[in-house]
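Take a look at the structure set out below.
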Amino acid sequence: MSALTDTFRDWSNLLVENGRLNAFIGGQNGVPRGLTYPNKLDFAPRIGLTHQFGDSGLVWRMSYGIFYTPVDLNTWCNQLHNVPLVFPITQQSDNFTPNPALAGFNFPAPVLGKTTVSFATFDPHAPAQYVQQWSASLQKSLGPSTVLEAGYAGAHGLHLQRADLINNAPPGPGLIQPRPAVSDGDVCRWNRVPSRHCRSQFDLPRQQHQSPSEHRQELV
1 MSALTDTFRD
11 WSNLLVENGR
21 LNAFIGGQNG
31 VPRGLTYPNK
41 LDFAPRIGLT
51 HQFGDSGLVW
61 RMSYGIFYTP
71 VDLNTWCNQL
81 HNVPLVFPIT
91 QQSDNFTPNP
101 ALAGFNFPAP
111 VLGKTTVSFA
121 TFDPHAPAQY
131 VQQWSASLQK
141 SLGPSTVLEA
151 GYAGAHGLHL
161 QRADLINNAP
171 PGPGLIQPRP
181 AVSDGDVCRW
191 NRVPSRHCRS
201 QFDLPRQQHQ
211 SPSEHRQELV
């Protein structure tokens, strides 16, 4: 699945300095247009099977499918919260920084200078996130107007997106410890982790047909 790309005014709001474009542009210098490298070999099969066991009144149904989920807008929105479009200033509190409630949050004056800012990033080679879904059911006819069905459904998510703060100060006793990158603030990295979430359900509905024009379903 290809990443999202701009289709209108993709050159707007760019920074030009000394006659040179000072910005990161997708689609240039080997960078993909969507800033990520999609895998064109991702396979998303869907299959469904059904079988009737002779005249026993039993019918078996099952299905399976893989569904790739697109990258949500929150991922790209976070990338816009970076310099030079946005300066997310980080307020670091320690014994040497006044209380922000008393110092107006300690924001620096709006002049050119050194400021501790936060960043957001993501892995351009991250695997695509997808969901496996499956279901199975067994139906039994109990006469001309009643059907009993037992069913199961499940879902399994892989490479789901997660935000990791990779520049947090390590916990410890006493004063706040220095960050791994002391000159930067929070660094939010969007990762595709191998963790997964499974959900399943079991239902046992009973259908009764009292007349061709009336249908009623009950859950047992």
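Position 176 of the sequence shown, counted from 1, bears residue number 176 in the numbering used here, the numbering being contiguous throughout.
Beta carbons: idealized from backbone N, C-alpha and C, even for Gly.
Which of helix, strand or coil does DSSP assign to residue i?
i, result
"Ala153", "strand"
"Val31", "coil"
"Asn191", "strand"
"Thr69", "coil"
"Ile47", "strand"
"Lys140", "strand"
"Ser135", "strand"
"Ile166", "coil"
"Thr116", "coil"
"Arg61", "strand"
Quick check: the Cα distance between residue i and residue j, rounded to an integer number of angstroms?
i, j, result
"Pro127", "Leu35", "14 Å"
"Pro45", "Ala120", "34 Å"
"Met62", "Lys140", "15 Å"
"Gln133", "Gly143", "32 Å"
"Tyr64", "His156", "11 Å"
"Gln161", "Tyr130", "10 Å"
"Arg192", "Phe53", "44 Å"
"Asp186", "Ser118", "5 Å"
"His51", "Trp60", "5 Å"
"Asn82", "Lys40", "29 Å"
"Asp184", "Gly172", "20 Å"
"Tyr37", "Gln28", "13 Å"
"Ile47", "Ala169", "49 Å"
Take residue i as the anchor and find which of the options has the nearest alpha-carbon.
i, options, result
"Gly154", "Phe43, Ile66, Pro170, Leu165", "Ile66"
"Trp190", "Gly30, Phe53, His125, Ala136", "His125"
"Val31", "Gln129, Ser118, Gln161, Asp123", "Asp123"
"Ala181", "Lys40, Val59, Asn167", "Asn167"
"Leu165", "Arg179, Val147, Asn39", "Arg179"
Quick one: does the C-beta of residue i sit closer than 7 Å to a heavy atom of the ligand ATP?
i, result
"Tyr68", "No copy of the ligand ATP appears in this structure; indeed no ligand is present at all."
Report all residues from its chain with a CB closer than 7 Å to the CB of residue i; omit the five preceding and five following residues, and keep chain order.
i, result
"Ala163", "Cys188, Trp190"
Can the beta-carbon of residue i be found closer than 8 Å to that of residue j?
i, j, result
"Thr116", "Ile89", "yes"
"Glu149", "Leu158", "no"
Skipping 5 residues on each side, what residues in its chain have a beta carbon closer than 6 Å to that of residue i?
i, result
"Ser135", "Ser63, Ala153"
"Leu49", "Met62"
Grab me the residues of residue i's own chain with a C-beta within less than 8 Å of its C-beta, minus the 5 sequence neighbours each way, in chain order.
i, result
"Leu57", "The residue asked about is misnamed: residue 57 is Gly in this sequence, not Leu. Lys140, Ser141, Leu142."
"Phe43", "Ile66"
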